[in-house]
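What follows is a single structure, written as structure tokens, with notes after it.
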Amino acid sequence: MQSDHKLNDGQQKAVEFNGKHLLVLAGAGTGKTRTIIARAAYLIERGVDPSKIQILTFTKKAANEIVERVKSTLPQSNGNNLSGATFHSWCNQLIVRFPNLFGAASYTVIDPDDQLSIMKMVCGNHNLEFGKLRIKPQELIDVYSFARNTKKSLTESLRQKLFKNRKDGDTDYELKTIKPHVEKLLRAYQAKKAEQRYLDYDDLLLVVATQLKDNQEARSILAQHIEYLLVDEMQDTNPLQWTLLDPFVSICKLFCVGDDAQSIYSFRGADFKNVHLFKDRVPESEVYKLEKNYRSTQEILDISNWLLEKSPIEYNKKLEAIRGTGELPQLVNVSDEWQEANWVADEILKNYTDEDRMFSDHLILSRSQYYAKSLQAVFIRRKIPYVTYGGRKFMQAAHIKDLVSLLRIVNNPYDEIAWIRFLTFQEGIGEVRASRILQQVIEKIDVEEIPSIFQNAMPGEDGKKIAELYESIKEKDDVGKMVDMAYEAMALGLAFRYRRDWEEKRKGDFPVLRLLADSYPTLGEFIGEGLLDNSEQMNGVNVLSESKLNTAENKDHVIISTIHSAKGLEADVCIVLNVSPKAFPSAWSLDNLEEIEEDRRVLYVAMTRAKNRLILTRNTSSITAVHNRALPTPGGQKTSDAETYFLNELPDALVEQKTIAHQFGKVRDAETPNTIDLSSGMDFS
DNA sequence: ATCAAGCACATTTTT
DNA sequence: TGTGCTTGAT
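First residue of the first sequence? That's 1 in the UniProt record's numbering, and the numbers climb one at a time after it.
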């Protein structure tokens with residue numbers, strides 16, 4: 001973040017914009033976040049009621065950060081009612097807060113795991129093999145979600161997701177054959193969702209968007225609550241999100257910031273051309289540009305600019321560094337990912353001891369969560385503190401879901417997934433018996449009957465206990481107490497089921513869950529928003545984001561993040577892992593120009609995170625880019641990879657290259673004589 | 001019917 | 001790395 005407090009002219013102009021709607025096109029590092037923060041603060045200082053300003057971002061983390069920073073610029077508690085949220089959690093809040101308007105308040109928000117289980121139930125005994133094509137339930141979910149997010153037809157979505165956009169006779173024929181089957185399954189999935197009163201992530205947006213679009217009264221009600229909508233990362237909004245925003249054009253003022261060159265969510269339906277259409281779609285709107293980069297030195301921008309120039313797409317963007325020149329970026333050649341990981345560890349320890357840098361000055365970026373696994377192993381062994389961004393969500397851990405399943409039943413007795421999970425959690429009840437009990441539940445859904453169902457289902461004391469537990473949880477109006485009570489009842493069972501790592505890993509999560517629960521006023525909001533809330537992982541252990549909990553005992557740590565989760569982050573030293581052939585662009589996108597270009601933007605986002613030192617590592621043995629088995633033999637298709645590889649024509653002058661010798665022990669002996677590292681040259685996978 | 005252990009397998013990116 | 005599926009023992 002910039003440390004000086006002055007805004008430049010362009011930023012100032014945007015902040016004080018006096019018209020109706022504004023789009024700020026802001027390149028990487030040009031102070032996008034600062035501008036949105038200053039805008040919010042400006043509005044509040046000008047007397048706008050903070051509760052009528054809604055900030056929308058893509059991650060909870062970004063939302064919290066912006067809100068905190070706005071508050072810190074304002075005197076006293078002026079910004080206390082300012083609200084920042086993701087699109088999804090905002091919609092969830094609206095649904096809960098206006099139960100009559102949206103009519104979905106008693107519904108349960110389900111996560112992707114739950115979606116998958118429903119889809120599996122639906123597919124059940126259907127045969128999903130069509131000739132050589134086999135459709136997996138997860139793929140059905142993806143197609144369904146893609147279609148709804150992009151507003152594209154099923155046929156078109158199938159073509160894009162399942163057939164990689166191929167257009168030929170065979171494809172058309174296959175498409176025609178499978179489409180009716182897919183349609184039937186998706187309809188069944190929808191029916192099941194409705195019957196059990198589930199809302200998946202897309203439904204959250206859809207429910208709110210459709211109601212606002214169709215219902216004048218809904219619009220005027222919300223118009224009383226929201227005056228200003230500030231939207232971050234506009235280039236990542238997809239057609240569904242746009243339908244959500246569209247009604248607000250007539251009832252409040254939009255202030256959007258974005259950068260077409262940083263659009264990296266097309267797999268979720270985002271289309272960066274949307275930002276180009278802003279002026280056409282939004283009447284009474286203007287577009288401003290911010291082009292001065294405050295973050296990086298010129299060398300870092302040179303290589304980033306070079307990357308964009310190589311694209312067939314015109315971005316009309318050339319970042320210029322206000323800060324002037326610095327170090328040349330480094331391109332480090334390694335021969336496998338363990339060597340890479342050890343080299344990165346060496347580098348960080350060297351910076352820490354010799355250059356007086358802190359661990360937190362380092363940001364390590366990888367394409368996928370999976371890729372950074374070996375790095376994490378090395379960091380743990382070599383005692384480098386780190387946190388990961390973009391890991392598995394706290395609420396998705398098995399032991400947490402077990403406990404939450406009971407609360408979900410209380411919240412929504414139609415919730416079959418929760419019933420199955422809770423019932424099979426009981427000793428001696430498997431799938432068969434659980435679904436039999438479920439039948440009884442469905443037949444007489446009367447809430448009064450539920451305790452007796454428990455009693456009938458389970459012999460003797462157990463059933464009685466659970467029936468009582470259900471009753472007493474229902475009585476509580478405090479979410480934290482509900483968690484306590486559920487934990488009390490389930491702790492023994494949990495400890496037994498997860499006895500392998502209960503004490504070390506799982507037990508400690510429950511006090512955390514309790515604290516999280518305390519921050520939600522109702523059970524519905526806890527279940528829904530808790531799912532949407534991001535957590536960080538500290539040395540492999542789940543930790544909730546700092547705004548929710550004061551877990552910052554160790555502030556100084558390296559950040560390991562996927563590039564997708566790193567938007568808005570920046571660091572003194574930024575290391576981008578595995579900028580190798582078959583990774584940039586990824587072997588998956590090789591035959592698709594749009595995907596190749598998206599990969600280019602991904603790399604661009606990664607590079608522009610660096611403030612002073614940018615390091616790209618590259619794996620020289622071409623097969624390790626993805627897992628060995630996923631790729632043909634080494635040397636197989638070198639030609640096509642060589643043609644598309646982004647760094648292929650990289651001018652020598654833009655980087656300093658070095659190659660790490662492939663030698664056992666060279667690196668580790670030199671740097672850490674007293675740790676024994678048995679991993680070099682050994683692939684344990 | 002339930003559960004644990006063993007084996008095979010496949011891995012973008014996120015709300 | 002973990003997780004999903006089959007198998008064999010209770």
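Even glycine gets a Cβ: it sits at the ideal position worked out from N, Cα and C.
As the structure is a prediction and not an experimental result, all values here were calculated from the model.
Identified DSSP bridge partners for residue i
i, result
"Phe454", "Looking at the DSSP assignment, Phe454 forms no beta bridge with any residue, so it has no partner."
"Thr86", "Thr57"
"Thr108", "Tyr198"
"Ser296", "Looking at the DSSP assignment, Ser296 forms no beta bridge with any residue, so it has no partner."
"Ile575", "Ile364 and Ile615"
"Ala583", "Ser586"
"Gln657", "Leu331"
"Ala321", "Asn293"
"Ala610", "Ala571"
Endpoints, alpha helix (DSSP H) assigned at residue i
i, result
"Cys123", "Pro112 to Cys123"
"Phe255", "No alpha helix (DSSP H) contains Phe255, which is instead part of the beta strand (DSSP E) from Lys253 to Gly258."
"Leu516", "Asp509 to Asp518"
"Glu139", "Pro137 to Thr150"
"Ala26", "Premise fails: Ala26 lies in the beta strand (DSSP E), His21 to Ala26, not in any alpha helix (DSSP H)."
"Lys350", "Glu337 to Asp354"
"Val602", "Leu593 to Met607"
"His276", "Lys273 to Arg281"
"Asn100", "Pro99 to Phe102"
Whole-angstrom distance between residue j and residue i, CA atom to CA atom
i, j, result
"Leu678", "Asp556", "Only weak support is given to the placement of Leu678: the predicted model assigns it a pLDDT of 35, under 50, and the question is left unresolved by the model."
"Val479", "Ile55", "26 Å"
"Leu403", "Ile66", "32 Å"
"His564", "Thr243", "24 Å"
"Val592", "Thr171", "Correcting the residue type first, residue 592 is Asn in the shown sequence and not Val. Asn592 and Thr171: Cα-Cα distance of roughly 16 Å."
"Asn351", "Ala270", "39 Å"
"Arg506", "Leu650", "48 Å"
"Ala630", "Ile364", "For Ala630, the predicted model reports a pLDDT of 36, less than 50, meaning its position is unreliable and no value from the coordinates is stated."
"Thr59", "Met358", "26 Å"
"Leu229", "Ser296", "30 Å"
"Glu471", "Asp477", "12 Å"
"Ile429", "Tyr498", "17 Å"
"Asp114", "Arg46", "45 Å"
"Gly19", "Gln12", "14 Å"
"Val626", "Ala341", "Unreliable placement is indicated for Val626, whose pLDDT of 37 sits below 50; no coordinate value is reported for it."
Among the options, nearest to residue i - alpha-carbon criterion
i, options, result
"Phe526", "Leu407, Gly324 and Lys152", "Leu407"
"residue 687", "Ile409, Ser153 and Asn612", "Nothing can be reported for residue 687, as the shown portion of the chain is limited to 1 through 685."
"Ile313", "Glu656, Asn612, Glu299 and Ile596", "Ile596"
"Arg433", "Asp415, Glu449, Phe454 and Ile450", "Phe454"
"Pro413", "Thr108, Phe102 and Asn81", "Thr108"
"Ala321", "Glu291, Ser519 and Phe267", "Glu291"
"His88", "Asp49, Leu240 and Ala147", "Leu240"
"Tyr386", "Phe272, Val558, Ile380 and Gly324", "Val558"
"Val332", "Leu647, Leu158, Asn411 and Lys167", "Leu647"
"Gly530", "Asp501, Lys507, Ala653 and Ile400", "Ile400"
"Ser374", "Val249, Tyr520 and Glu337", "Glu337"
"Arg367", "Asn578, Tyr315 and Arg436", "Asn578"
"Leu43", "Arg159, Ser405 and Phe255", "Phe255"
"Lys474", "Glu448, Asp9 and Phe278", "Glu448"
"Val48", "Gln11, Cys252, Val257 and Asn92", "Cys252"
"Lys310", "Gln657, Lys658 and Thr644", "Thr644"
"Val257", "Leu23, Thr617, Gln657 and Lys464", "Leu23"
CB of residue i within 8 Å of CB of residue j, strictly
i, j, result
"Gly79", "Ala63", "no"
"Thr155", "Leu175", "yes"
"Ala610", "Ala571", "yes"
"Ala218", "Gln211", "yes"
"Lys318", "Asn305", "yes"
"Leu25", "Val334", "no"
"Met119", "Pro137", "yes"
"Leu614", "Cys574", "yes"
"Val655", "Gln262", "no"
"Pro329", "Ile303", "yes"
"Leu7", "Ala38", "yes"
"Gly31", "Tyr294", "yes"
"Ser153", "Ile417", "no"
Start and end residues, beta strand (DSSP E) containing residue i
i, result
"Tyr288", "Ser285 to Leu290"
"Tyr315", "Here Tyr315 belongs to no beta strand (DSSP E), and DSSP marks it neither H nor E."
"Leu230", "Tyr228 to Val231"
"Asn333", "Gln330 to Val334"
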